[in-house]
Amino acid sequence: MHRALYATPLGAFSITVVFPRFDGPDYERALQLAHAAAEYREVGSGPQMRSQARFTPDQVQALRDLFEIVDRYAGCEVLVDDHRVPYARELWLPLMWYLLPRP
């Protein structure tokens with residue numbers, strides 16, 4: 060809030076989508092979108108393996124496309140600047156959608 064009010068530079072900002080492996084035809088598409096993110100990594104192994112895809116505001120279309128695929132699976136998380144924050148899905152993501160190009 061302070062940065063917005065006093066016009067200090069914002070610096071880097073990111074949204075990270077974390078999701079588990081899942082069965083289904085959309086998994087390959089989810090991985091393709093995740094690998095195209097500004098940063099991608101896999102953590103854990105076996106059934107505990109999770110994909111983490113960090114997106115910057117200029118990648119909002121890919122972020123939304125990935126989120127629409129993985130949101131329905133248990134274990135999907137949304138992080139803001141690598142932190143769990145309240146209402147990340149309900150507030151932060153819809154704010155990001157305002158950055159989508161309009162037809």
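Just so we're aligned: the sequence shown equals residues 60 to 162 in our numbering.
We put the CB at the ideal spot given by N, CA and C, even for glycine.
If you're wondering where the values come from, they're calculated on a predicted model, not measured in any experiment.
In terms of residue numbering, what span does the alpha helix (DSSP H) encompassing residue i cover?
i: A112; result: That residue, A112, is in no alpha helix (DSSP H); its beta strand (DSSP E) goes 109-114.
Can the beta-carbon of residue i be found less than 7 Å from the beta-carbon of residue j?
i: A95; j: A71; result: no
i: E98; j: R113; result: yes
i: R148; j: V137; result: yes
Would you kindly report the start and end of the unbroken beta strand (DSSP E) that includes residue i?
i: V144; result: Per DSSP, V144 belongs to no beta strand (DSSP E) and is neither H nor E.
i: P106; result: Looking at the DSSP string, P106 is not in any beta strand (DSSP E), and its letter there is neither H nor E.
Quick check on residue i: buried or exposed, where buried means 16 or more other Cβ atoms within 10 Å of its Cβ?
i: F78; result: buried
i: S110; result: buried
i: A133; result: exposed
i: V144; result: exposed
i: M60; result: Note that M60 scores a pLDDT of 48, beneath 50, so its modelled location is shaky; the value from the coordinates is reported in the next line. Exposed is the call here.
Using CA atoms only, rank isn't needed, just tell me which of the options is closest to residue i.
i: M155; options: V139, D82, Q107, R109; result: V139
i: P106; options: F81, V119, F126, E87; result: F81
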